[in-house]
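Asker:
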Amino acid sequence: MTRAKLALQEVIQLFIEGAGQVGYSGRFSDPNEVQKWVDVMVQHGQLAIDTSRIYSEGTSEQLIAQLDLKGVRVDTKIFPVTPGDHAPSKLKELFKLSLEALGSHKIRVFYLHAPDRSVPFEDTLEGVNELYQQGHFEELGLSNYMSFEVAEIVGICKRRGFVLPSVYQGIYNVLDRTNEAELFPCLRKFNIRGGFLTGKLLAPEPQVETGSHFDPNWALSVFYTTRYSHTVSAVKELKDVADKHGLKLAEVAYRWLEHHSAMIPTDRGIILGASRVEQLESAILNCEKGPLPEEVVAACAETWLKIKGNAKPSWQLT
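According to the UniProt record's numbering, the sequence shown is numbered sequentially starting from 1.
(1) Applying the 10 Å Cβ sphere with the 16-neighbour rule, what's the burial state of H245?
(2) Return the first residue and the last residue of the beta strand (DSSP E) that V109 is part of.
(3) Within a Cβ cutoff of 7 Å, which residues of the same chain sit near A114, ignoring the five residues on either side of it in sequence?
(4) Return the chain-ordered ranges of every beta strand (DSSP E) run that is complete within the segment 246-299 and spans a minimum of 3 residues.
(5) Does the beta-carbon distance from V241 to V296 come in below 9 Å?
(6) Say whether the segment 300-316 touches the segment 130-150, bearing in mind that this needs 3 or more beta-carbon pairs closer than 8 Å, one atom from each stretch.
(7) Look at the alpha carbon of F184 and the alpha carbon of G170, and state the distance between them as a whole number of angstroms.
(8) So, under 8 Å CB-CB, S118 and G84 are touching, yes? Tell me the CB distance rounded to an integer number of Å.
(9) So which of K306, Y172 and A299 has the shortest CA-CA distance to D230?
(10) Beta-carbon within less than 6 Å of Q13's beta-carbon, same chain only, minus the 5 sequence neighbours each way: which residues are those?
(11) Could you tell me which residues DSSP puts in a beta bridge with G194?
(12) Span of the alpha helix (DSSP H) holding K244?
(13) Please decide whether D267 counts as near chain D, where near means a Cβ-Cβ distance under 9 Å.
(14) Taking C-alpha atoms, which residue in L285, I49, H86 and Y254 lies nearest to Y172?
(15) Could you check whether the segment 62-79 touches the segment 95-114, counting it as contact only if at least three pairs of C-beta atoms, one from each stretch, sit closer than 8 Å?
(16) Measuring only the C-alpha atoms, how far is V277 from L257?
(17) Which stretch, first to last residue, makes up the alpha helix (DSSP H) that contains D85?
(18) Within this structure, are the beta carbons of I107 and H136 separated by less than 9 Å?
(19) What span of residues does the beta strand (DSSP E) with F137 cover, start to end?
(20) Ignore the nearest five residues each way along the sequence and tell me which others in L164's own chain have a CB closer than 6 Å to its CB.
(21) Identify the continuous alpha helix (DSSP H) that holds K158 and give its terminal residues.
(22) Under 9 Å, do L99 and T124 count as touching if we go by C-beta distance?
(23) Do R193 and V167 have their beta-carbon atoms positioned less than 9 Å apart in this structure?
(24) Between T178 and A311, is the Cβ-Cβ spacing less than 9 Å?
(25) In this structure, how does DSSP classify I78 when only helix, strand and coil are distinguished?
Rendered as structure tokens:
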């Protein structure tokens, strides 16, 4: 069986809907509207919704608690906003807030959202393991860690008998491939699956769409603007090639991830984000399509060569 068929049969069923703008202080604050997203996910056999304690000022989890998830699972994360947030006592305090916010919804994957280097990893992992032993989550995930830190964490967990990380969430797409050199080999060595953000081709447009990644009214827009502002010219050239084949850039991005990237069928999947229900469904349908034309694949590779010199690291510095 070809890699493409494996991806279509296995990876495609592991999409995760990102809830970064879902919450009472976020763009999507109406539970009835967000429920429509969940219904689309269920219709297409998707498995999980991804959130975090910090999304929408802590209200994303609260809104998700109001939804009928119909079997869709919840993954959540704790970001070290303040040094010391991953100290065992503080981590447990923040985790308790997540549990209370999510109500009856159980946590599938609990992620350490980024490294808290003010706390020894072993101390953090001891606190995490206690939460795991108490049955509060099913899998441990890491996000925004450097590859050598992932290896260090695996070593600590094996030595101490702690729950091992089984999934890593990071940035990976046509315009963001720095993870391929070191992180991917590290994840493969330790049998850690990847869940990657985002499938969309992200480049600032002259007219910024309300609610887009580059909308200045969104708190995280500065992250995307800083990260992708240098890609505009290269993306335009890629668009010219895509246009020749009647393809939109969003479709190119998702199909590239499914069929031509360094992802493998056992990876967790792609974290989808959308500003409309129709956009979410379109993204899922794009992922269900086959490989791209060879000329488009070559153009994707050429695009990365043009921009990689200015690419930002994928891990969290602070």
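C-beta: ideal position from N, C-alpha, C; glycine also.
Answerer: Let me lay it out:
(1) exposed
(2) I107 to L112
(3) F79, P80, S143, N144 and Q316
(4) 269-272
(5) yes
(6) yes
(7) 10 Å
(8) 6 Å
(9) With the sequence shown as reference, residue 230 is identified as His, and Asp is not the correct amino acid for it. The option with the nearest alpha carbon to H230 is K306.
(10) Note that Q13 scores a pLDDT of 36, beneath 50, so its modelled location is shaky; the value from the coordinates is reported in the next line. Closer than 6 Å at the Cβ level, and outside the excluded window around Q13, lie G45.
(11) Y168
(12) V232 to K244
(13) The structure shown has no chain D; it contains just one protein chain.
(14) Y254
(15) yes
(16) V277 and L257 have their alpha carbons spaced roughly 21 Å apart.
(17) Bounds of any alpha helix (DSSP H) do not take in D85, whose DSSP letter is neither H nor E.
(18) yes
(19) F137 to S143
(20) C157
(21) Following the DSSP letters along the chain, one finds K158 inside the alpha helix (DSSP H) bounded by residues S147 to R160.
(22) no
(23) A contact, by the Cβ cut-off of 9 Å.
(24) yes
(25) strand
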